[in-house]
Structures are given as structure tokens and as C-alpha cells.
Amino acid sequence: MNLLRKLWNNLHLFMALPAILLFGLFFIYPLAQGIGISLTDSNGMSAPRFVGLQNFIDFFHDARAKKDVYNTVFFAIGSAPLLNLFGFLYALILDRPFKGKGFVRAVVYLPAVISPLIMGYVWYFILQPDRGFLYHLLQSLHLGTGGSDWLGNAHSALIVLVFINVWQFVGMTMIIYLAGLQSIPKELYEAGEIDGAGYIKSLWYITIPMVVQSIKINVVTNIIGSLSVFEVIIALTDGGPGYSTESLSIYILRMLYGSFTGYSTAVAMILFVMIIIPVFIFMRYINKKEFEM
Amino acid sequence: MRRKKLGLLLSGVMMLGLLAGCGGKSADSPNPSSSAGMAQETAPKETVKLKFFTGKVETVDLMNTLIQKFNSENPGIEVEQEYQKDASNVIKVKFASGDIPDITTVVEQDYIDQGKYLDLSNEPFWPRVLPAVKELSTDVKSGKQYQVATNVTMAGIFYNKKIFQELGLKEALTWDDFKANLQAVKDKKPDVTPIFIAGRESWTLGHLIEFLAHGIIKQDLGVKSSREAFINNESDKLKFDQENGPIDTFAKRLLELQGAGLMNKDALTATYDNQKEAFATGKAAMISQGMWVVADLLKISPDFQNDIGFSPYPSIQDGTKPVVLSADDSRYAITAESKHPEEAKKFLEFLLQPENLKTYSEFLKSPPAFTDVTADWGPLKEQANQALNSGVNIAFTDSPSGFSGDDAGRMVQELLAGQYSASLDFAKAYKDAWDKAWKATHR
Chain U
1 MNLLRKLWNN LHLFMALPAI LLFGLFFIYP LAQGIGISLT DSNGMSAPRF VGLQNFIDFF
61 HDARAKKDVY NTVFFAIGSA PLLNLFGFLY ALILDRPFKG KGFVRAVVYL PAVISPLIMG
121 YVWYFILQPD RGFLYHLLQS LHLGTGGSDW LGNAHSALIV LVFINVWQFV GMTMIIYLAG
181 LQSIPKELYE AGEIDGAGYI KSLWYITIPM VVQSIKINVV TNIIGSLSVF EVIIALTDGG
241 PGYSTESLSI YILRMLYGSF TGYSTAVAMI LFVMIIIPVF IFMRYINKKE FEM
Chain C
1 MRRKKLGLLL SGVMMLGLLA GCGGKSADSP NPSSSAGMAQ ETAPKETVKL KFFTGKVETV
61 DLMNTLIQKF NSENPGIEVE QEYQKDASNV IKVKFASGDI PDITTVVEQD YIDQGKYLDL
121 SNEPFWPRVL PAVKELSTDV KSGKQYQVAT NVTMAGIFYN KKIFQELGLK EALTWDDFKA
181 NLQAVKDKKP DVTPIFIAGR ESWTLGHLIE FLAHGIIKQD LGVKSSREAF INNESDKLKF
241 DQENGPIDTF AKRLLELQGA GLMNKDALTA TYDNQKEAFA TGKAAMISQG MWVVADLLKI
301 SPDFQNDIGF SPYPSIQDGT KPVVLSADDS RYAITAESKH PEEAKKFLEF LLQPENLKTY
361 SEFLKSPPAF TDVTADWGPL KEQANQALNS GVNIAFTDSP SGFSGDDAGR MVQELLAGQY
421 SASLDFAKAY KDAWDKAWKA THR
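Protein sequence lines, in the order shown, are assigned to chains U and C. Residues 1 to 293 in this note's numbering are what the first sequence spells out, letter by letter. Residues 1 to 443 in this note's numbering are what the second sequence spells out, letter by letter.
Next up, the structure:
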């Protein structure tokens, strides 16, 4: 009797077992294997040899990898805050009642539905010098020749990439903020009004604290998404010219494609850590904040 | 709160898990026994499915029609085509993950060394193949044939005859004459791009290295010895990083053209399509391409046929001769791990039937590699012969699999984007990249 009750009380532990098994099989196991491979000089063909931390040491002496880290971080620092800022502003504006609200929201959200690859190619044709839409537009408006090769220059290409990414995914961020905004009870604002709070004050003391869950989701997904950026770069610049807009995830794939499987896996581990650290720092910070609120 | 953290952690690392998973498989791949088990599961007796893997974008449609014909003639076999843009790299992942095509156009020395292809030395078609092509199809190390080519292709400078006539220009065999021609176009026809570079596609830039820079090595050493030098990475013969060596000279020449404004402004972002379009519509006087481009040019403007001129690449270094690529093309190999080698051979035989070779050759506008095929392969027949006589004939380069033509092309992009302060830095970087990739598979 006692045993049976004990079993019943601990049933939830057994219920979790399948999930734990799957997690182990599809996550822990490949991860462990990945760590194993990252310690070898595997080329994907001949038998791998153990090289210890050599791949990780190589990474810190790899000029191309350094450049890729710079590109990736530049892209993330450019994208993530802008996405959140504009996503939030759009949400605030489009939360107000006005005619055609649904349509405007759809237009803002629309680019996020289309594959970043297709979007990238479309923008590629818009931005081409001499042939692109932008060139013809600027010319017909007599705004100079507009002939600069935006994507042929490493610095402008990175900025264009950030711009397109923000434009494309601002709708996604907006939708999550909108959901957050709509879950705020109207009574809070009414109470605030009675207490004499203006728009800015109620934004600061009511709206922002109440959408903290949306902030969390958005910031974390944007950090993860922008640090692992891949498609938009492939479509727009193919990492070029040369390697000047290559991101770490493209580098990982190219090394894997080449004969550097072990090294590629090591870089994947490093990218993993690069993503986890800011996410952890942010989560710690916001959870503490939330507690204070 | 804790549970949420875990969830976020998970989503964040999923991508890594996937990548790690990929790497994991590749380490196991040298073990061929893993595919033996799979053979039993996927062997329905009625239809055998053959996977044809190609990196040749220009033949995708043609192959589909040929495959259709083959499939209807051979009810027990069904061939499927898969095209990949970066095929020479993608096939590596395929080999590693056990998703192995039966027949492919991608042949790399590293994979030959790894025993990835079936020995075709004893197949009955060899007496029909041109001796020079057979030599290029022969593995330098083992002396066996693991690949067969259907065509000979050529690459060189394509020029617009009309513009040349108008300006009184002649085909250039030396670098100075070549530059003078480009300058003449620039001076007298400001609307026309002297030479149009399609630098967005890194393979076209990789070709420039393969033909112009390696062209010096290939003509110095001859066919066999240069193939051995590339395959065995004999750096004393390749002299990649030598001052005024092949790569250094190449880089200087390219920067000369860029500096003098003789190439298109958007050389780094223009696509292959842009290049074809510009040339076929008379907006560019010259391009560097291979015979594979002709069919598309005629598609863009059918009347262009009589205006296409073809000449060798000018010698880029004093004391060297002009070169023209004349090499085996449309290579096929059957993979050693194919579960249906007999059916794959049947498909290969079908492709090598004179009738189908003729279709292929006429479609590609390049001469057949088989002696029993007479094809009316195109308007450049005579000019091609002339070019072959006025330049040294060179073949494609056997690069290490980790340093493909795409990778080399990306370095040329860097060069054109001004990321090397000196041409010799480029040459050194090129040697480093080559050596690194070579060492990764030779240890």
C-alpha cells in the first residue's frame, strides 16, 4: 500500500522519462559527439586523430575566423537592438485603434513570412549598380547616378545586411510585443490616469513592466537569430566580396564542406558559447529586474 | 523561472546540436560497412532508383530529357537528377553522411585517392575515346580510369567581332596587345565595357586563376608533369608564392586592368547572367568564358552567332605563350559505394551512345570526346581550331578538395576589393590556403 502510494506520488518523475530519453538521444549525444570531433583533426574522410585543444588554439590565430567573429557580432549588435526598438515602436503605434489597422499590421509583418533567401535575392537585384531598381529610381529622380556598388564594398555591405534583416523581421518582433500589449488590463491605465500619469509615465511604469515577458522572448530570439545569421548573407553577398561579410555559421559550413570537419566542429562549439553567454547574462539581468518590479 | 531558462537554452543550442550531429556522422564515414546494412532495406525488386548528382547548371534541362528517354527505355530503372550549386563541396557531405549518389559529374582527386569511385578501366567504350581525353581521364597515381568525359571543352577570350572590326583590332597574344585592345575599346566606345568580369560568382574568378595563373605552370611542365605537381603539391615546381611567379603575376595583371578602369565597375557583384547579357547585347567587348556559355548567348540574342570571336588567353608573363583551355568536360564517375553499379553503368552506356553524345555535344556547343560522333556543335568550330593552334592547350587543375575553384575565386574577390596591399601578399595567401587544404587530406 505504502509502496503504491509512493509510486503514485512520484509518477511525474516517470512521465518525464521519454522526454529525457529523446533529449539525450537528439541533443546530448550529438553534442558529446561534436565535442569529441572538435578535439580531432577529422577531415571527413580518413580516420580522425586526437589533437587535443589544437583546433581551439588555431581558432584564435585564424585571421579569417577573427573577421567572421567581427562580422557576426557587428551584425548582431546592429540587428538585435534595432529590431527590438522598432518592433516595440511599431507595436505601440499599431496597437491604437484606427481604420485599416489589420492591413497595416499585415504589411509590416509580411516580409517575415517570406524566406530570407528569396528576400535576399530580391534585394540583391534592387541594389545592383547600373541594373538595379534603386539605380533607376535614383536616376529618374535626378539624385545623382546612385551607381555605388553597395554590396561590393565590405563596410556598406554589412550595413545593408543589417538594414534588410531589421526590415524583414521587425514584424515578427512587433507581433510578440502586440500580444504583450494586449494582455495589459485597461484598468491599469485608467488607474494611472486618475493618479495623473501622462503618456510617458504610464509607458514607463505600466507598459514596459507589463510586457517584460515579450521583451524576454524578443531579445533572446533576436540574439540567437542574429548571431547565427546565415541565409540573408548567402543570398545577398555570399559572404563576399571575398570573405568580408562571411558570418561564423557560414564559415562553419564551408569548413565542413572543405576538408576541415574537426576544425569546423570546434568553431561550432565556439559559436555555441558565443550565443549562450549573452543570453545568460541578459536572462539573469532581466529576471533580477523583474523581481524588483 | 528555471524551466523557462532551460527552454531558452535548448532552443539556443539546437543549431549547434545539428551541426555537431553532421560532424559526428562524417567521422564514421570511412567505414563502408555502414552502408551495407542500408542496402538491404532499400532494395525493392521492381524499380531500381539511381541518383544522378550534378554540378553543371547548364545541362540540367538537357539531362532531364535524356533521363526521361532512358527511364522509358529501361522500365526497371528510374534515374533522378539532383543539381547543387556548390556540388564539389556538397558531394563531400553526401559521402560523409551516406547519402551517396550512384553516378555523378563531380570528380575530385581526393575522392579518387579515397577509393570513392568505381574503376571504369575495363569498360568497352575506351577505344572510342580521343587519346588526349583518355590521358586526362587517367588517374596519375594508379594509372586507372575512374571517370569518362563526353566532351571536350575550351575556354579563352570571347570577343565581339563587330566591335573589333569597327576599331580595327586584332586578337591579342601578348599582354601589352591585350591591354591595348581593351584601352582602345574604352577610348573609342565609352558605353562599352572593355572586359566584363562576373565576380559575384566566385567560380568565374576561380577560372581566371586556373587558366591564367596555372596556365604558366601547365605550359612550363606539360600535361602529365603539371598534373603530378598539382596532385602531389610539389611546391618547388608550382612556385605559388614566388615573386613574379604565376600567382603574383596574375594578381598584378588583374589589378592593372582594374586600376586602368578596363573592367566593369561592378566586377565584384555582377553575376554570370549579367555577363552573358552584357556580352550578347554588345555592351561588353570581351569576356573570359568557356564554350559552355555559347548556347546561352545565342538564347539571349540568336543573331549574335556570327559576331562571336574566340581567341586564346594572352600570355600574362614575358617569355610564356598564350594558352587555351582544352580539356575533358562533362565527366562522369560511378561511386564505389553505389548499391546499383550495374544499373549505373547501363545509364552511363546510354549517355555514351553516339546518338546521345551528338545531342549533348550540339546542345553544349562543344566538340565530342568520342571519335565515332560527328556533331554540328556550333558556330565556333573553325575559330576554336585556330585558337588551339595559336595557344598552348592546357587542362583543368586538380585542386585539393578543401580548396575548390569557388574558394580560389573568393580570394580573387578579396584581391579586387583591395584587401591585399601587395600582389605578393595575395600569392602567399594563396599558397597558404592551398597548402592547408592539401595537408588536411594528405597526412
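Cβ coordinates follow ideal geometry from the N, Cα and C atoms, glycine included.
Item to check | Within chain C, partners of Ala154(U) - CB distance below 7 Å | outcome: Position 154 of the first sequence, counted from the first residue, corresponds to residue 154(U). Neighbours of Ala154(U) on chain C, chain order: Ala417.
Next on the checklist: What ranges does the alpha helix (DSSP H) occupy inside the stretch 50-112 of chain C, keeping only unbroken runs of at least 4 residues that lie completely in it?
Outcome noted: 60-73, 87-97
Next on the checklist: Report the start-end ranges of each alpha helix (DSSP H) in the stretch 156-205 of chain U that is 4 residues or longer and not cut off at the edges.
Outcome noted: 186-194, 199-202
Next on the checklist: Does any residue of chain U have a CB that is nearer than 8 Å to the CB of Arg128(C)?
Outcome noted: To locate residue 128(C), count along the second sequence from 1; it is residue 128. No - not a single Cβ of chain U is within 8 Å of the one on Arg128(C).
Next on the checklist: Measuring straight from C-alpha to C-alpha, what distance separates Leu173(C) and Pro314(C)?
Outcome noted: Counting from 1 along the second sequence, the entry for residue 173(C) is found at position 173. Counting from 1 along the second sequence, the entry for residue 314(C) is found at position 314. The alpha-carbon atoms of Leu173(C) and Pro314(C) are separated by roughly 4 Å.
Checklist entry - On the premise that Ala427(C) lies in contact with Ala251(C), defined as a C-beta separation below 8 Å, what is that separation, rounded to the nearest angstrom? => result Along the second sequence, read from residue 1 onward, the residue named residue 251(C) stands at position 251. Along the second sequence, read from residue 1 onward, the residue named residue 427(C) stands at position 427. That pair is a contact at about 6 Å.
Item to check | Exposed unless 16 or more other CB atoms sit within 10 angstroms - verdict on Phe370(C) | outcome: Counted from its first residue, the second sequence places residue 370(C) at position 370. Phe370(C) is buried by the Cβ-count criterion.
Checklist entry - Which value, in whole angstroms, describes the spacing of the CA atoms of Ala155(C) and Ile159(U)? => result Within the second sequence, residue 155(C) is the residue found at index 155, counting from 1. Within the first sequence, residue 159(U) is the residue found at index 159, counting from 1. Between Ala155(C) and Ile159(U), the C-alpha separation is close to 38 Å.
Checklist entry - How about Asp187(C): is its Cβ closer than 7 Å to a heavy atom in the ligand HEM? => result With respect to small molecules bound, the structure shown includes none, and the ligand HEM cannot be examined in it.
Checklist entry - Are there 16 or more other CB atoms within 10 angstroms of the CB of Trp377(C), so buried, or fewer, so exposed? => result Stepping through the second sequence from its first residue, residue 377(C) is reached at position 377. Its Cβ being crowded by 16 or more others within 10 Å, Trp377(C) is buried.
Next on the checklist: Checking 8 Å against the spacing of the C-beta atoms, do Gly199(C) and Ala260(C) come in under that value?
Outcome noted: Position 199 of the second sequence holds residue 199(C). Position 260 of the second sequence holds residue 260(C). No. Outside cutoff.
Item to check | Against chain C: residues of the stretch 245-266 of chain U by CB proximity under 7 Å | outcome: Ile252, Leu256, Tyr257, Gly258, Ser259, Phe260, Thr261, Ser264, Thr265
Checklist entry - Assuming Val106(C) contacts Ala87(C) under a Cβ cut-off of 8 Å, what Cβ separation, rounded to an integer in Å, is found between them? => result In the second sequence, the residue the question calls residue 106(C) occupies position 106. In the second sequence, the residue the question calls residue 87(C) occupies position 87. Contact flag correct, Cβ pair sits at about 5 Å.
Checklist entry - CB Phe56(U) to CB Ala266(U), shorter than 8 Å? => result For the purposes of this step, residue 56(U) is taken as the residue at position 56 of the first sequence. For the purposes of this step, residue 266(U) is taken as the residue at position 266 of the first sequence. Going by C-beta atoms, Phe56(U) is nearer than 8 Å to Ala266(U).
Next on the checklist: Does chain C have any CB closer than 8 Å to the CB of Pro209(U)?
Outcome noted: Translated into the one-based positions of the first sequence, residue 209(U) becomes position 209. Taking Cβ atoms only, chain C never reaches closer than 8 Å to Pro209(U), which makes this a no.
Next on the checklist: Please classify Asn10(U) as buried or exposed, where buried requires at least 16 other C-beta atoms within 10 Å of its C-beta.
Outcome noted: Here residue 10(U) refers to the residue found at position 10 when the first sequence is read from its first residue. Burial call: exposed.
Item to check | Residues of its chain near Gly228(U), where Cβ-Cβ distance is below 6 Å and the 5 sequence neighbours each way are ignored | outcome: Stepping through the first sequence from its first residue, residue 228(U) is reached at position 228. The residue asked about is misnamed: residue 228(U) is Ser in this sequence, not Gly. Closer than 6 Å at the Cβ level, and outside the excluded window around Ser228(U), lie Ser249.
Item to check | Where Lys428(C) meets chain U, residues with beta-carbon distance less than 7 Å | outcome: Here residue 428(C) refers to the residue found at position 428 when the second sequence is read from its first residue. Going along chain U, no residue has its Cβ under 7 Å from Lys428(C), so there is no contact; the nearest lies around 13 Å.
Next on the checklist: Quick check on Met45(U) - is its C-beta less than 8 Å from some C-beta in chain C?
Outcome noted: The count along the first sequence starts at 1 and reaches residue 45(U) at position 45. For Met45(U), the answer is yes, since a Cβ of chain C falls inside 8 Å of its Cβ.
Checklist entry - DSSP puts Thr335(C) in a beta bridge; with which residues? => result Against the second sequence, residue 335(C) aligns to sequence position 335. BP columns for Thr335(C) point to Tyr117(C).
Checklist entry - Do the CB positions of Asn151(C) and Gly282(C) come within less than 8 Å of each other? => result Against the second sequence, residue 151(C) aligns to sequence position 151. Against the second sequence, residue 282(C) aligns to sequence position 282. Cβ distance not < 8 Å, so Asn151(C) and Gly282(C) don't count as in contact.
Checklist entry - Taking Cβ positions only, does Tyr109(U) come closer than 8 Å to chain C? => result Counting from one through the first sequence, the residue named residue 109(U) turns up at place 109. Closer than 8 Å: no.
Next on the checklist: So Asn473(C) contacts chain U; which residues on that side make the cut at Cβ distance below 9 Å?
Outcome noted: Because residue 473(C) is not part of the residues shown, which for chain C are 1 to 443, the question remains open.
Next on the checklist: So that I know if they touch, is there some Cβ in chain U lying closer than 8 Å to that of Asn356(C)?
Outcome noted: Translated into positions along the second sequence, residue 356(C) becomes position 356. So no, Asn356(C) is outside the interface.
Checklist entry - Can you name the start and end residues of the alpha helix (DSSP H) that Tyr223(U) belongs to? => result The residue given as residue 223(U) occupies position 223 in the first sequence. According to the sequence as given, residue 223(U) is Ile; it is not Tyr. Ile223(U) -> alpha helix (DSSP H) spans 212-227.
Item to check | Distance between beta carbons of Leu66(C) and Asn274(C), contact taken as under 8 Å | outcome: Here the question's residue 274(C) lines up with position 274 in the second sequence. Here the question's residue 66(C) lines up with position 66 in the second sequence. With a Cβ gap of about 29 Å, Asn274(C) and Leu66(C) do not count as contacting.
Checklist entry - Do you know whose CA, among Gly409(C), His442(C), Lys224(C), Leu424(C), lies nearest Trp203(C)'s CA? => result Residue 203(C) sits at position 203 when you count from the first residue of the second sequence. Ranking the options by Cα distance to Trp203(C), first place goes to Gly409(C).
Next on the checklist: I'd like the ranges of any alpha helix (DSSP H) spanning at least 4 consecutive residues and lying wholly in the stretch 6-42 of chain U.
Outcome noted: 11-15, 17-23, 29-38
Item to check | Cβ pair Phe304(C), Phe196(C) closer than 8 Å | outcome: Within the second sequence, residue 304(C) is the residue found at index 304, counting from 1. Within the second sequence, residue 196(C) is the residue found at index 196, counting from 1. No, the pair does not count as a contact, with Cβ atoms beyond the cut-off.
Checklist entry - Is any beta-carbon of chain C found at less than 8 Å from that of Pro129(U)? => result In the first sequence, residue 129(U) corresponds to position 129, counting from 1. With 8 Å as the cut-off, Pro129(U) counts as an interface residue toward chain C.
Checklist entry - Of all the CB atoms in chain C, is at least one closer than 8 Å to the CB of Leu151(U)? => result Within the first sequence, residue 151(U) is the residue found at index 151, counting from 1. Chain C, which has a Cβ nearer than 8 Å to the Cβ of Leu151(U), makes this yes.
Next on the checklist: If the criterion is Cβ atoms closer than 8 Å, does the pair Ile234(U) and Leu138(U) meet it?
Outcome noted: The residue labelled residue 234(U) in the question sits at position 234 within the first sequence. The residue labelled residue 138(U) in the question sits at position 138 within the first sequence. No; because the gap between Cβ atoms is not below 8 Å, this pair is not in contact.
Item to check | DSSP state of Ala375(C) mapped onto helix, strand, coil | outcome: Start at 1 with the first residue of the second sequence, and residue 375(C) comes out as number 375. Here Ala375(C) sits in coil by DSSP.
Checklist entry - Alpha carbon to alpha carbon, what distance is there between Asp99(C) and His142(U)? => result Reading the first sequence from its first residue, position 142 is the one you call residue 142(U). Reading the second sequence from its first residue, position 99 is the one you call residue 99(C). So the alpha carbons of these two residues sit roughly 55 Å apart.
Next on the checklist: If the cut-off is 9 Å on Cβ atoms, which residues from the stretch 281-308 of chain C count as contacting chain U, listed in chain order?
Outcome noted: none
Checklist entry - Between which two residues does the beta strand (DSSP E) containing Ser311(C) stretch? => result As a working mapping, residue 311(C) is identified with position 311 in the second sequence. Unbroken beta strand (DSSP E) run through Ser311(C): 308-311.
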